[in-house]
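Student: Following this message is one structure expressed as structure tokens.
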Amino acid sequence: MSDLLQRYGVFLNVENPEGDARDALGQTVRTAIAAEELGFHAAWVAEHHYSPFAIGSALTVLLSHVAACTSTIRLGTGASLLALNDPLRVAEDIASLDLLSGGRIEFGVARGGPFPEQYRHAGIASANVARERMHEALALIQRLWNEPQTRFDGRFFHYEGVAVYPRPLQRPVPVWLASLASDSQRLAEQHGYGLMATPSADFSEVAEQVAAGRARRGDFPFAIARFFHCDEDSRRAIEHGVAAVRAYPRLMGVQFASGKLPPMFAPGAPEAVILANSIIGTPEQCVARAKALRDRLGPYQLLLKPATHDPVEARASLALFARAAGLAAT
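Taking full-length UniProt numbering, the leading residue of the sequence shown gets 1, the next gets one more, and so forth.
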């Protein structure tokens with residue numbers, strides 16, 4: 001098993017390149033089951049909407065199925081898009097999921113990422129408004145889980161004497177903010193939340209922010225998702241992994257604000273930039289890279305996001321890493 005300074009998880013985006021939604025969902029579940037069998041600490045699943053490619057729109061439905069098929073692996077919402085959803089329903093769904101899973105839920109939340117269409121259909125004017133709405137929804141959910149009745153008078157949500165049931169098994173449910181924005185960092189510091197960096201976040205910037213956060217907070221929960229591909233042949237791993245990363249923005253339909261484009265997604269990004277921000281190579285190279293991240297970041301959780309649309313290949317890649325890292329039973 002991994003030491004307590006470094007935990008390994010998988011980051012699963014329900015991708016449907018072949019137009020077979022049933023198979024895409026089923027393969028995601030199978031990969032989460034395989035992750036538990038391989039000894040990974042957690043399986044995180046992304047939420048996306050209005051995309052024929054990324055079809056993980058019913059996050060808690062999918063995770064409930066994963067929960068029924070597993071017994072020990074932690075299950076993360078990576079992340080629940082609070083700005084787009086009814087916080088009362090999210091509170092009920094996550095509490096039910098925590099109970100059904102035996103208290104295995106990690107509650108990651110986010111505003112919605114670089115996907116303007118999600119905001120438009122939700123009637124949200126901008127990404128900044130979405131972030132404010134996310135923070136307010138999270139504050140409401142925390143109170144709903146802990147108060148007999150809640151009176152809430154915010155900018156976006158107004159309730160008088162509301163109570164939701166059931167309540168979660170964990171007290172408290174671990175909360176993660178999938179954002180390194182300054183207001184999210186302040187909120188995390190105030191409430192003891194964990195922080196999470198996305199697969200495309202520039203590592204140099206992340207490392208600086210984490211170092212500053214640790215100077216203020218000491219050791220705090222931190223997770224970073226990284227594009228990942230592992231192969232016994234180094235050059236084959238690099239060619240496949242780099243090509244997958246370069247194709248990802250187009251397939252996902254991301255639209256970053258001016259000046260916010262991650263270096264690894266820049267047109268013609270050098271291979272070296274992509275590799276510096278990914279976990280790609282032979283099993284030994286991947287494990288060495290993971291340990292190098294730990295040396296820079298301190299205690300953290302690494303979430304491996306397979307850089308392949310072939311689920312069998314993704315599971316084989318995870319198995320190679322698990323064996324090299326000493327996670328797998330065999």
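From the three backbone atoms N, C-alpha and C, an ideal C-beta is built for every residue, glycine too. Note that this is a predicted model, so its numbers are computed, not measured.
With DSSP as the reference, label Val-14 as helix, strand or coil.
Tutor: If DSSP states are grouped into helix, strand and coil, Val-14 belongs with coil.
Student: Can you tell me whether Thr-60 is helix, strand or coil according to DSSP?
Tutor: Thr-60 falls in the helix class under three-state DSSP.
Student: Could you tell me which residues DSSP pairs with Ala-225 in its beta bridges?
Tutor: Leu-303, per the DSSP bridge assignment.
Student: Under a Cβ-count criterion, where at least 16 other Cβ atoms within 10 Å of its own Cβ denotes burial, should Asp-231 be classed as buried or exposed?
Tutor: The residue in question, Asp-231, is buried, as its Cβ has 16 or more Cβ neighbours within 10 Å.
Student: So the candidates are Asn-128, Leu-318, Leu-38 and Glu-106; which of them puts its Cα closest to the Cα of Pro-114?
Tutor: It is Asn-128 whose Cα lies nearest to the Cα of Pro-114.
Student: Between Val-245 and the rest of its own chain, which residues show a CB-CB distance below 7 Å, the 5 nearest in sequence each way excluded?
Tutor: Result list for Val-245: Phe-227, Met-264, Ile-274, Ser-278 and Ala-307, in chain order.
Student: Pull up the distance between the alpha-carbon of Leu-75 and that of Gln-301, whole angstroms please.
Tutor: Roughly 13 Å between the two C-alpha positions.
Student: Given a cut-off of 8 Å on the beta-carbon distance, is the pair Gly-56 and Val-10 in contact?
Tutor: Result no, Cβ atoms of Gly-56 and Val-10 do not sit closer than 8 Å.
Student: Any idea what DSSP makes of residue 349, helix, strand or coil?
Tutor: Outside the displayed span of the chain (1 to 330) sits residue 349, for which this structure offers no information.
Student: Going by C-alpha distance, which of His-158, Ser-317 and Gly-298 is nearest Leu-304?
Tutor: The candidate whose alpha carbon is nearest that of Leu-304 is Ser-317.
Student: Label Gln-118 either buried or exposed according to how many other C-beta atoms from any shown protein chain fall within 10 Å of its C-beta, with 16 as the threshold for buried.
Tutor: With 16 or more Cβ atoms within 10 Å of its Cβ, Gln-118 is classed as buried.
Student: Quick one: give me the first and last residue of the alpha helix (DSSP H) that Met-252 is part of.
Tutor: Element bounds for Met-252: 234 to 252.
Student: Using the Cα positions of Thr-330 and Thr-31, report the straight-line distance between them to the nearest angstrom.
Tutor: Caution applies to Thr-330, whose pLDDT of 41 falls short of 50 and renders its modelled position unreliable; the value that the coordinates give is listed next. Approximately 17 Å between the Cα atoms of the pair.
Student: Does Pro-249 pass the burial test, meaning 16 or more other C-beta atoms within 10 Å, or should it be called exposed?
Tutor: Per the 10 Å Cβ criterion, buried.
Student: When the Cα atoms are used, what is the spatial distance from Arg-236 to Gly-281?
Tutor: Taking the straight line joining both Cα atoms gives about 8 Å.
Student: With Glu-205 as the anchor, note down where its alpha helix (DSSP H) starts and where it stops.
Tutor: Unbroken alpha helix (DSSP H) run through Glu-205: 203 to 217.
Student: Please report the residue range of the alpha helix (DSSP H) in which Gly-259 lies.
Tutor: Careful: Gly-259 lies outside any alpha helix (DSSP H) and carries neither H nor E.
Student: How long is the line joining the alpha carbons of Gly-123 and Ala-83, rounded to whole angstroms?
Tutor: Their Cα atoms are separated by approximately 10 Å.
Student: Considering only DSSP beta bridges, list what Trp-44 is partnered with.
Tutor: Trp-44 is bridged to Phe-11 and Gly-76.
Student: At a cut of 8 Å, does the stretch 129 to 148 reach the stretch 41 to 60 through at least three beta carbon pairs?
Tutor: With the cut-off at 8 Å, the stretch 129 to 148 and the stretch 41 to 60 do not touch.
Student: CA-CA distance, Gln-142 and Ala-197?
Tutor: Cα to Cα, Gln-142 sits roughly 22 Å from Ala-197.
Student: Just to confirm the assignment, what range does the alpha helix (DSSP H) spanning Met-134 have?
Tutor: Its alpha helix (DSSP H) spans residues 127 to 146.
Student: By how many angstroms is the C-alpha of His-158 removed from the C-alpha of residue 383?
Tutor: Nothing can be reported for residue 383, as the shown portion of the chain is limited to 1 through 330.
Student: If we count Cβ pairs, one from each stretch, closer than 8 Å, do we get three or more for the stretch 161 to 175 versus the stretch 253 to 260?
Tutor: The stretch 161 to 175 is not in contact with the stretch 253 to 260.
Student: How far does the beta strand (DSSP E) with Gly-161 in it extend, from its first residue to its last?
Tutor: Element bounds for Gly-161: 158 to 162.
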